[in-house]
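Asks:
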Amino acid sequence: MNRRYRFIRRACALLALVASAFAVKVGDPAPGFTAVDSNGKQQRLSDYKGKFVVLEWHNQGCPYTKKHYESGNMQRLQKEWTAKGVIWLTAISSAPGTQGFVTPSQENNYLKTMNAAPTAVLMDPGGSLGHLYAAKTTPHMFIIDPNGTLIYNGAIDDHPTSDQGDIARSKNYVSAALEQAMGGKPVAEAATRPYGCSVKYKD
Amino acid sequence: MAIFLNIRLAASLIVALASSFGGSPQAPPQHARVELLSRQASVKPNSDLQLGVHFILEKGWHIYWINPGDSGQPPSFNWKLPLGFSAGEIQWPRPERLQPSKELLDYGYDNEVLLPLTIHAPSAIGGRAAEFAADAKWITCREVCIPEHADLHLSLPVGATTSLDQQHSQLFAKTDRLIPQPLPRGWNASATSGKDDFVLTIRAGQPITQADFFPLDPGQIDNAAPQKLQQTSHGAKIALKKSDLLIKPITALRGVLVIPGGPAYRIEAHVRQPIQ
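Quick note, the sequences are listed as chains A and B, same order.
Counting from 322, one number per residue, gives the positions in the first sequence under the working numbering.
Counting from 2, one number per residue, gives the positions in the second sequence under the working numbering.
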């Protein structure tokens with residue numbers, strides 16, 4: 322392969338990334354990515370073709386994230402859906418020096434302490450994965466179907482507060498979407514306003 | 002000495018534990034001074050009065066508008082009113098644009114804001130004073146966000162006549178100018194839906210050189226995308242990028258139009274769909 326061709330290919334790949342940065346729409350193919358997880362392992366979205374994939378944006382210091390972890394709600398969801406074959410990827414896009422930034426070992430300790438059970442945690446301190454999906458808040462949830470199509474983009478539930486007391490009376494959009502999609506039905510509420518703290522991007 | 006140190010340690014642990022449970026309702030908020038104020042000095046039976054929740058924020062901290070934008074949450078109030086009194090909706094002053102990062106944009110208030118609302122007093126009021134209270138909950142953010150709350154109280158005398166409160170009525174009057182008004186007579190707003198944008202057309206009978214649109218409904222426009230204003234001889238056309246979250250056609254764009262240095266207007270623009 323000559324160098325010129327390689328350069329063009331790279332430029333095209335970069336362009337594709339830029340073009341998709343603000344167009345993560347339900348119904349479109351979910352943008353592919355490769356990211357390193359908290360165990361140092363490469364995680365590729367394409368590795369999970371044929372499975373449902375949940376992406377969960379995370380910041381352990383954010384009161385809205387704490388609502389769902391200190392209550393055990395997020396861990397319950399992770400366990401329930403991974404037991405049904407769903408791949409659950411937690412993503413951390415906090416830049417170094419900002420709230421929620423953790424080293425891989427700090428994150429692994431947190432998972433243990435919180436009894437959390439995602440399939441993997443994607444370490445994204447540079448924010449490229451967050452920008453690729455236009456992740457706005459923690460939490461911000463995405464669901465990708467077995468064909469690689471984005472089928473949900475939005476909030477975890479319908480109570481945009483930081484109060485744990487609201488969880489019991491909330492409708493969980495992620496569970497509803499997964500139940501509908503697994504049952505062969507269209508997702509009724511496929512795009513909602515995500516709520517929480519802003520993702521602590523480096524810029 | 003060792004015992005003394007242990008007691009101190011235990012005491013500080015108890016304090017730490019207490020605060021980790023969210024603190025008591027009496028714990029004062031850390032990043033704002035919040036008070037319940039009245040525009041009037043007394044309550045008159047069978048009349049309206051205006052109360053307001055006044056936030057004075059610590060420098061660098063902000064709270065949110067009714068549509069907080071990409072992150073955050075508007076303050077909420079659980080009112081406890083005397084028997085027979087009823088409360089209207091908060092009249093939200095025009096917000097500011099707050100940008101946590103280059104691709105995210107929030108709507109809210111920094112420094113200071115008064116959130117007024119109208120209270121209706123019944124024709125018969127029991128007692129010589131009316132006691133108003135509210136459980137206020139809000140989230141305040143700088144680089145990080147902190148949920149805060151306060152129990153607000155206000156006692157007003159009941160009288161046959163009423164007058165303005167000398168101390169606070171000016172703050173209410175100043176806030177009146179920040180409350181979005183209906184469009185002036187002869188103005189109108191309409192919108193068209195394109196592939197990637199809405200175009201909001203304002204007809205004002207005169208060119209508009211600058212304006213900002215604040216959407217009332219989340220998930221319609223991309224908050225952080227620049228709003229492209231094109232001045233026309235009768236007003237302006239403003240291109241608003243559609244949100245990623247918009248997957249169904251909408252019939253109306255509701256929001257607030259702010260003319261910098263001028264007033265803020267409430268807008269409800271019917272959206273014409275593209276011709277297929």
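From the three backbone atoms N, C-alpha and C, an ideal C-beta is built for every residue, glycine too.
Below 8 Å on the Cβ atoms is my contact criterion, and I expect P439(A) with L410(A) to pass it. Report the Cβ-Cβ distance as a whole number of Å.
Replies: The pair is a contact, with the Cβ atoms about 6 Å apart (cut-off 8 Å).
Asks: Would you check if the distance between the CB atom of D37(B) and the CB atom of A122(B) is smaller than 8 Å?
Replies: Checking the sequence shown, residue 37(B) turns out to be Leu, not Asp. Result no, Cβ atoms of L37(B) and A122(B) do not sit closer than 8 Å.
Asks: If you draw a straight line from the C-alpha of Q171(B) to the C-alpha of E97(B), how long is it?
Replies: Each residue's alpha carbon lies about 22 Å from the other.
Asks: Taking any Cβ of chain A, which residues in the segment 77–107 of chain B have a Cβ under 9 Å from it, in chain order?
Replies: Flagged, chain order: S77, P101, S102, K103, E104, L105 and D107.
Asks: Interface residues of chain B around D487(A) at Cβ under 7 Å?
Replies: What D487(A) touches in chain B: nothing, since even the nearest Cβ is about 11 Å away.
Asks: Measure the C-alpha to C-alpha separation of Q211(B) and T202(B) and round it to an integer number of angstroms.
Replies: The straight-line gap from Cα to Cα measures roughly 13 Å.
Asks: Span of the beta strand (DSSP E) holding G70(B)?
Replies: Segment H63 to G70, the beta strand (DSSP E) holding G70(B).
Asks: Beta-carbon separation of R95(B) and A265(B) under 8 Å?
Replies: Yes, the Cβ-Cβ distance between R95(B) and A265(B) is below 8 Å.
Asks: Using beta-carbon positions only, say whether K60(B) and A135(B) come within less than 8 Å of one another.
Replies: No, Cβ-Cβ distance for K60(B) and A135(B) is not below 8 Å.
Asks: Per DSSP, G475(A) forms a beta bridge with which residues?
Replies: According to DSSP, G475(A) bridges with M462(A).
Asks: If you count every other CB in all the chains shown that lies within 10 Å of the CB of K457(A), and 16 or more means buried, which is it?
Replies: Buried: at least 16 other Cβ atoms inside 10 Å.
Asks: Run through DSSP, which three-state label would F133(B) get?
Replies: Residue state, collapsed to three classes: strand.
Asks: With a threshold of 8 Å on Cβ separation, who are the neighbours of Q420(A) within its own chain once the five nearest residues in sequence on each side are excluded?
Replies: So the list reads N380, G382, C383, C518 and K521, once near-sequence residues are dropped.
Asks: Report yes or no: is there a C-beta of chain A within less than 8 Å of the C-beta of E59(B)?
Replies: False, the Cβ-Cβ gap to chain A never drops below 8 Å.
Asks: Is the Cβ-Cβ distance between L157(B) and A131(B) less than 8 Å?
Replies: Against a cut-off of 8 Å, the Cβ pair of A131(B) and L157(B) comes out as a contact.
Asks: Which first and last residues belong to the beta strand (DSSP E) in which N402(A) is found?
Replies: Correcting the residue type first, residue 402(A) is Trp in the shown sequence and not Asn. Where W402(A) is concerned, there is no enclosing beta strand (DSSP E), although the alpha helix (DSSP H) it sits in stretches over N394 to A404.
Asks: Starting from D177(B) and walking both ways along the alpha helix (DSSP H), at which residues does that stretch end?
Replies: D177(B) -> alpha helix (DSSP H) spans S170 to D177.
Asks: Would you decide whether H271(B) is buried or exposed? Buried here means 16 or more other CB atoms lie within 10 Å of its CB.
Replies: It counts as exposed.
Asks: DSSP on I126(B), reduced to helix/strand/coil?
Replies: Coil, per DSSP.
Asks: Opposite H271(B) in the DSSP bridges: which residues?
Replies: In DSSP, H271(B) forms a bridge with S191(B) and A253(B).
Asks: Which first and last residues belong to the alpha helix (DSSP H) in which A498(A) is found?
Replies: Looking at the DSSP string, the run of the alpha helix (DSSP H) that includes A498(A) is Y494 to M503.
Asks: Does T434(A) come out as helix, strand or coil in the three-state DSSP assignment?
Replies: Helix.
Asks: Is L246(B) closer than 8 Å to N474(A) when the C-beta atoms are compared?
Replies: The answer is yes: Cβ separation under 8 Å.
Asks: Compare the C-alpha of F199(B) against each of L241(B), P181(B), I91(B) and H55(B) and name the closest.
Replies: Measuring from the Cα of F199(B), the nearest candidate turns out to be L241(B).
Asks: Return the chain-ordered list of same chain residues with a C-beta closer than 7 Å to the C-beta of T119(B), the five sequence neighbours on each side being excluded.
Replies: If we look at T119(B) and ignore the five residues flanking it on each side, its Cβ neighbours are D49, Q51 and G89.
Asks: Determine the DSSP secondary structure at I209(B), reduced to helix, strand or coil.
Replies: Three-state DSSP puts I209(B) in coil, outside helix and strand.
Asks: Would you say V423(A) lies against chain B (beta-carbon separation less than 8 Å)?
Replies: Answer no: the Cβ-Cβ gap between V423(A) and chain B never drops below 8 Å.
Asks: Does the pairing of the segment 385–403 of chain A with the segment 348–358 of chain A give three or more beta-carbon distances under 8 Å?
Replies: The segment 385–403 of chain A is not in contact with the segment 348–358 of chain A.
Asks: Would the beta-carbon of W402(A) fall within 8 Å of that of V375(A)?
Replies: Cβ atoms of W402(A) and V375(A): closer than 8 Å.
Asks: From what residue to what residue does the beta strand (DSSP E) around E316(B) run?
Replies: Coverage of chain B is limited to positions 2 through 277, which leaves residue 316(B) absent and any answer about it impossible.
Asks: Excluding sequence positions up to five away, which residues of its chain have a Cβ less than 6 Å from the Cβ of F78(B)?
Replies: Same-chain partners within the cutoff: A135 and A137.
Asks: State buried or exposed for T176(B), treating a residue as buried only when at least 16 other CB atoms are found within 10 Å of its CB.
Replies: Burial call: buried.
Asks: Can you tell me which residues form a DSSP beta bridge with E36(B)?
Replies: DSSP output for E36(B) lists H55(B) as bridge partner(s).
Asks: Applying a beta-carbon distance threshold of less than 8 Å, which residues of chain B neighbour N262(A)?
Replies: The question about residue 262(A) has no answer here: the residues shown for chain A are numbered 322 through 524.
Asks: Give the single residue among E510(A), P446(A), T434(A) and L450(A) whose Cα lies nearest to the Cα of A351(A).
Replies: Nearest C-alpha to A351(A): L450(A).
Asks: Whose CA, out of M435(A), K346(A), S367(A) and A441(A), lies closest to the CA of N360(A)?
Replies: Checking every option, the nearest Cα to that of N360(A) belongs to A441(A).
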